[in-house]
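Numbering (full-length UniProt numbering), first residue to last: 1 to 270. C-beta: ideal position from N, C-alpha, C; glycine also.
In structure tokens form, the structure reads like this:
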């Protein structure tokens, strides 16, 4: 995988299984707090994953005891001294990085191993699927430091995930949402055991990798794009085009023949 060849200062990249890239936020001494460098590196990795056809699933997790504690407060002190345009540039840089993670064309699974606060919450929302250990917890910490809960996509994604009323309560209070409640709300797909978060994440990644790469990519595109269309008819139009496209791909013929023969298709190397 080409994406693994580049060294990073704040991220650790590895391939724990065929077709899977694991990106670990690697500032455990700062609870994986975000910096300008991390934003730049996240954007770079996301774009590299999108260009690497060998990557079928991206796993995102944190080193140590936290997933991501949000923007590093040691750097946050300088924000008030920036000009308005300087602050806008800083904000757009962060938003561009998280948007790039969401735009990765293959499924992104967040393995939330601890606190996901502020920008860490927003980062977890960029994933298609979130699994959490019992130590996972979330909060919209923005309001606690005088900022808006509408940050880095949270005000758009969170209400769509858990409903506007629950999102408003979490956003206005800044309270901690523990793993069990997060699962009940739909913020987490599943709470794992205390020691098998990555094992369960990789098992799910293997299930995804067993399917057609093209089918998965088009499925992700449809699920994301149809969150934003204005009508059922527009959603059907997008779906129809995707299905028509996939019938022209070799994967569909192979999968159909394998299904009829009750065997497992081999999509490796596609």
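Whole-angstrom distance between residue 39 and residue 99, CA atom to CA atom: 11 Å
**Report entry** Simplified DSSP assignment, three categories, for residue 240
**Finding:** helix
- Task: May I ask you to report which of helix, strand or coil DSSP gives residue 158?
- Result: helix
* Return the chain-ordered list of same chain residues with a C-beta closer than 8 Å to the C-beta of residue 223, the five sequence neighbours on each side being excluded. => 128
key: residue 132 - DSSP class collapsed to helix/strand/coil   = When secondary structure is reduced to three states using DSSP, residue 132 falls in the strand class.
Report the rounded CA-to-CA distance for residue 270 versus residue 147, giving the unit in angstroms.
Confidence at residue 270 is low in this model, with a pLDDT of 49, below 50, so the placement of that residue is unreliable and no value is reported for it.
- For my contact list, residue 235 and residue 188 are in at a C-beta cut-off of 8 Å; report their separation, rounded to the angstrom. Beta-carbon to beta-carbon, residue 235 and residue 188 are separated by about 26 Å, too far to satisfy the 8 Å threshold.
Give the DSSP-derived three-state secondary structure of residue 150 in the structure shown. In this structure, DSSP gives residue 150 a state outside helix and strand, which the three-state scheme calls coil.
With residue 14 as the anchor, note down where its beta strand (DSSP E) starts and where it stops. Note, residue 14: beta strand (DSSP E), 11–17.
Q: Can you give me the start and stop residues for the alpha helix (DSSP H) that residue 216 sits inside?
A: 213–225
Kindly indicate which three-state DSSP category residue 269 falls into: helix, strand or coil? Because residue 269 sits at a pLDDT of 48, beneath the cut-off of 50, its placement in the model cannot be relied upon, and the following sentence gives the value as read from the coordinates. Correct three-state label for residue 269: coil.
Query raised in the report: Whose CA, out of 46, 12, 22, 13, lies closest to the CA of residue 202?
Result: 22
**C-alpha distance - residue 29 paired with residue 161, whole-angstrom precision** = 31 Å
field: Exposed unless 16 or more other CB atoms sit within 10 angstroms - verdict on residue 41
entry: buried
Nearest to residue 45 by CA position, among 91, 197, 11, is which residue? 11
Notebook entry, point to check: residue 197 and residue 111: beta carbons closer than 8 Å?
Noted result: Against a cut-off of 8 Å, the Cβ pair of residue 111 and residue 197 comes out as a contact.
- Task: From the DSSP output, in three-state form, read off residue 250 for me.
- Result: helix
What first and last residue would you give for the alpha helix (DSSP H) that runs through residue 141?
Per DSSP, residue 141 belongs to no alpha helix (DSSP H) and is neither H nor E.
Do you know how far the Cα of residue 89 is from the Cα of residue 75? 15 Å
Am I right that residue 72 and residue 33 are in contact with their C-beta atoms under 8 Å? What's the rounded C-beta distance? 4 Å
For the 8 Å Cβ check, are there 3 or more pairs between the stretch 148–155 and the stretch 167–182?
yes
Under 8 Å between C-beta atoms of residue 132 and residue 179 = yes
Next on the checklist: Taking 7 Å as the limit between beta carbons, can you name the residues of its chain near residue 267, skipping five residues before and five after?
Outcome noted: 212, 213, 251
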